[in-house]
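Residue -12 in this note's numbering is what sits at position 1 of the sequence shown, and the numbering runs on without skipping anything.
Comments concern the structure below.
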Amino acid sequence: GYDFRLSNRNRFLINHVGIDYLSPNTTTHFDTLILNKNEFLRRSFDKQLFTSLLFRDFNFSYNSLPNRFGESFSLITRMELSGLEVFAANKLYDSFKKNGDSEVFALRFPNDTISFSQFFRIDVDLRHYRQFNPRQSMAMRLYSGIATPFGYSGSVPYVKQFFVGGPQSIRAWAAREIGPGGNAPESSSENTTLFYQTGDFKLEFNAEYRFFLLSFLGVRYEGALFLDAGNVWSLRDDPDRELEQLLWNARYDENNEKTGDNFLKYLAIGTGAGLRVDFSYFIFRLDVGVKVRNPYPTLVEDGNGSSREVHWRWQIPGAKPFQNLNYNIGLGYPF
-12 GYDFRLSNRN
-2 RFLINHVGID
8 YLSPNTTTHF
18 DTLILNKNEF
28 LRRSFDKQLF
38 TSLLFRDFNF
48 SYNSLPNRFG
58 ESFSLITRME
68 LSGLEVFAAN
78 KLYDSFKKNG
88 DSEVFALRFP
98 NDTISFSQFF
108 RIDVDLRHYR
118 QFNPRQSMAM
128 RLYSGIATPF
138 GYSGSVPYVK
148 QFFVGGPQSI
158 RAWAAREIGP
168 GGNAPESSSE
178 NTTLFYQTGD
188 FKLEFNAEYR
198 FFLLSFLGVR
208 YEGALFLDAG
218 NVWSLRDDPD
228 RELEQLLWNA
238 RYDENNEKTG
248 DNFLKYLAIG
258 TGAGLRVDFS
268 YFIFRLDVGV
278 KVRNPYPTLV
288 EDGNGSSREV
298 HWRWQIPGAK
308 PFQNLNYNIG
318 LGYPF
């Protein structure tokens, strides 16, 4: 590949050739509860080869210098492609077949089949920083990405899909706990939630106010107040999940029941506070996230015999403000 800079503020990284093998190892418990009930998700866990001969991925990063107001920004863009050459060879091979039948290239063994994954993925990470003074600063991030299959692939591999939650994302929820869209999480028979939710499209916004607390024995302590919002969505309709698809307008079935709505209606919003302990050579981080708005609707009685959908936590009867806090531990700043 190529790694070059036009200046010391930006960097280009291009890789051409790459072959990766994906062989997911799932438990029988996970297969029974999740994969066997969702064909769309099961396909994303198939054994696959990621192949690239001419172009594999492209990474670009740019970091600006602070202006006189203490503002700076950074841009990180990534693009990845798999299976284009295999797809072209497959189409060329089919064009020479006299009977007009189509054959999908794959590595076939007596007891197994490994398919060639064909997908395109791109994401953009834009960050803005404002240093008010040596003790106070503001950091914001806008992130969006999309991944789509093409050719003979019906879904994007699970490891290449997007997720939200966790210490680097929406900190009020655990990684992969929510989404896609307004799909409500399901609990297993053991009364534990299996966090596996991903999507083809991601939109996320984060804002964090950072402030100095104290210094003690050469260690700097900082506090943080943050707000996170976003979710992931599916590009295609998944019959095994509800309200999961990326839509601009409401969608209804033949019984006039709503099966989808504008994707912004299913944004998750969380807030919280954190502590940063700066040891100079690394930063230890603890964030406590509070759920403010669920991405999935909850039906509540309105008092006249009917029910309505609510998303804000304070509209849900019995929901306490600081119920089910999510604790995140990490190294370095989240962005």
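Heads up, the beta-carbon is just placed ideally off N, CA and C, and yes, glycines get one too.
From this set, the options, which residue's C-alpha is nearest residue i's C-alpha?
| i | options | result |
| --- | --- | --- |
| Gly57 | Asn12, Asn120, Pro226, Asp44 | Asn120 |
| Leu113 | Gln123, Ser293, Ser131 | Ser131 |
| Phe45 | Ser31, Met66, Lys34 | Met66 |
| Ala255 | Arg158, Asp88, Ile270 | Arg158 |
| Asn281 | His298, Thr14, Ser69, Gly290 | His298 |
| Asp110 | Ser124, Asn50, Phe188 | Phe188 |
| Phe(-9) | Thr19, Gly305, Tyr49, Arg295 | Tyr49 |
| Tyr207 | Arg122, Ile165, Glu229 | The sequence given here places Arg at residue 207; Tyr does not occur at that position. Nearest of Arg122, Ile165, Glu229 to Arg207, Cα basis: Arg122. |
For residue i, which residues in the same chain have their Cβ closer than 7 Å to its Cβ, ignoring the five residues on either side in sequence?
| i | result |
| --- | --- |
| Glu209 | Arg197, Phe198, Phe199, Leu200, Arg263, Asp265 |
| Lys147 | Phe106, Arg108, Ala134 |
| Leu40 | Val4, Glu72 |
| Asp240 | Thr246 |
| Pro136 | Gln105, Phe106, Ser142, Val143 |
Could you check the C-alpha separation between residue i and residue j for me, to the nearest Å?
| i | j | result |
| --- | --- | --- |
| Met127 | Phe192 | 8 Å |
| Asn313 | Leu273 | 11 Å |
| Leu52 | His115 | 11 Å |
| Val151 | Gly217 | 8 Å |
| Asn25 | Arg55 | 54 Å |
| Phe60 | Thr258 | 23 Å |
| Ala260 | Gly276 | 7 Å |
| Arg253 | Ser202 | The sequence given here places Tyr at residue 253; Arg does not occur at that position. Each residue's Cα considered, the two are about 42 Å apart. |
| Asp33 | Thr13 | 11 Å |
| Phe309 | Leu79 | 60 Å |
| Ala162 | Pro172 | 13 Å |
| Trp301 | Trp160 | 17 Å |
| Leu94 | Ser31 | 17 Å |
| Thr19 | Asp289 | 38 Å |
| Tyr283 | Asn23 | 23 Å |
| Asn98 | Leu190 | 40 Å |
| Arg295 | Leu62 | 41 Å |
| Gly292 | Phe17 | 39 Å |
| Ser267 | Trp235 | 47 Å |
| Pro11 | Glu164 | 20 Å |
| Asn311 | Thr15 | 29 Å |
| Glu229 | Val287 | 18 Å |
| Lys84 | Leu129 | 49 Å |
Going by the beta-carbon positions, is the gap between residue i and residue j smaller than 7 Å?
| i | j | result |
| --- | --- | --- |
| Gln118 | Pro321 | no |
| Val219 | Pro167 | yes |
| Leu222 | Leu233 | yes |
| Asn170 | Glu231 | yes |
| Phe103 | Phe96 | no |
| Gly138 | Phe74 | yes |
| Arg43 | Asn77 | no |
| Phe149 | Gly186 | yes |
| Leu214 | Ala194 | yes |
| Thr38 | Gly70 | yes |
| Gln35 | Leu(-7) | no |
Among the residues of its own chain, which have a CB less than 6 Å from the CB of residue i, if the five just before and after it don't count?
| i | result |
| --- | --- |
| Phe47 | Phe(-1), Thr64 |
| Asp248 | Ala237 |
| Thr285 | Val297, Ile303 |
| Tyr(-11) | Ile1 |
| Leu68 | Phe42, Phe107 |
| Asp225 | Phe27, Glu231 |
| Ser124 | Gln118, Arg197 |
| Asn242 | none |
Label residue i either buried or exposed according to how many other C-beta atoms from any shown protein chain fall within 10 Å of its C-beta, with 16 as the threshold for buried.
| i | result |
| --- | --- |
| Ile6 | exposed |
| Ile316 | exposed |
| Val279 | buried |
| Ser82 | exposed |
| Arg(-4) | exposed |
| Gly87 | exposed |
| Glu90 | exposed |
| Gly153 | buried |
Kindly list the residues whose CB is nearer than 8 Å to the CB of residue i, restricted to its own chain and excluding five residues on each side of it in sequence; keep chain order.
| i | result |
| --- | --- |
| Ile270 | Arg263, Val264, Leu318, Gly319, Tyr320 |
| Asp227 | Lys24, Asn25, Glu26, Phe27, Leu28 |
| Ala306 | Arg300 |
Closest Cβ-Cβ distance between residue i and chain D: below 7 Å?
| i | result |
| --- | --- |
| Arg280 | In the structure shown, chain D cannot be found, because there is only a single protein chain. |
When every heavy atom of the ligand NAD is checked, does at least one fall within less than 6 Å of the C-beta of residue i?
| i | result |
| --- | --- |
| Gln148 | This structure lacks the ligand NAD; in fact it carries no ligand of any kind. |
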